[in-house]
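In terms of my numbering, the sequence shown is numbered consecutively and its last residue is 75.
From the three backbone atoms N, C-alpha and C, an ideal C-beta is built for every residue, glycine too.
Keep in mind that this is a model prediction, so the values were computed, not measured.
The structure appears below as structure tokens.
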Amino acid sequence: MKCRATEKALVKMGVPVVVPQIDEHPEKVELMKREGWWELPLVEVSTPEGVVRWAGMATDNLNALKYLVSERS
Numbered sequence: 003m004k005c006r007a008t009e010k011a012l013v014k015m016g017v018p019v020v021v022p023q024i025d026e027h028p029e030k031v032e033l034m035k036r037e038g039w040w041e042l043p044l045v046e047v048s049t050p051e052g053v054v055r056w057a058g059m060a061t062d063n064l065n066a067l068k069y070l071v072s073e074r075s
């Protein structure tokens, strides 16, 4: 449910979305372990300043990203 809700929010912002299966990317699993993240989805967004990452349905991060996207439009 959180994965679909996050995907829907990103699409609504106009952010391109790719939905790979986490178990097919062991390096992403390791990244999540290193960061102490235990909840999906893993979100990675490329920005001119670099990659922004978080895990889980993070409303604060989605709101911040929405602000950044609106500022660039």
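DSSP bridge partner residues for residue i (one or two, in chain order)
{"i": "S48", "result": "V53"}
Pair within 8 angstroms by beta-carbon distance, residue i and residue j
{"i": "L44", "j": "A57", "result": "yes"}
{"i": "V71", "j": "M15", "result": "yes"}
{"i": "L67", "j": "V47", "result": "yes"}
{"i": "V31", "j": "I24", "result": "yes"}
For residue i, the first and last residue of its enclosing alpha helix (DSSP H)
{"i": "P28", "result": "28-37"}
{"i": "V13", "result": "4-15"}
{"i": "E73", "result": "61-74"}
Beta-carbon proximity list for residue i, same chain, < 7 angstroms, skipping 5 on both sides
{"i": "E41", "result": "A57, G58"}
{"i": "A7", "result": "M59"}
Same chain, Cβ closer than 8 angstroms to residue i, five either side skipped, listed in chain order
{"i": "E9", "result": "V19, V21, P43"}
{"i": "C5", "result": "V21, L42, P43"}
{"i": "T49", "result": "L70"}
Same chain only: Cβ atoms within 6 angstroms of residue i, ignoring 5 sequence neighbours per side
{"i": "L64", "result": "A11"}
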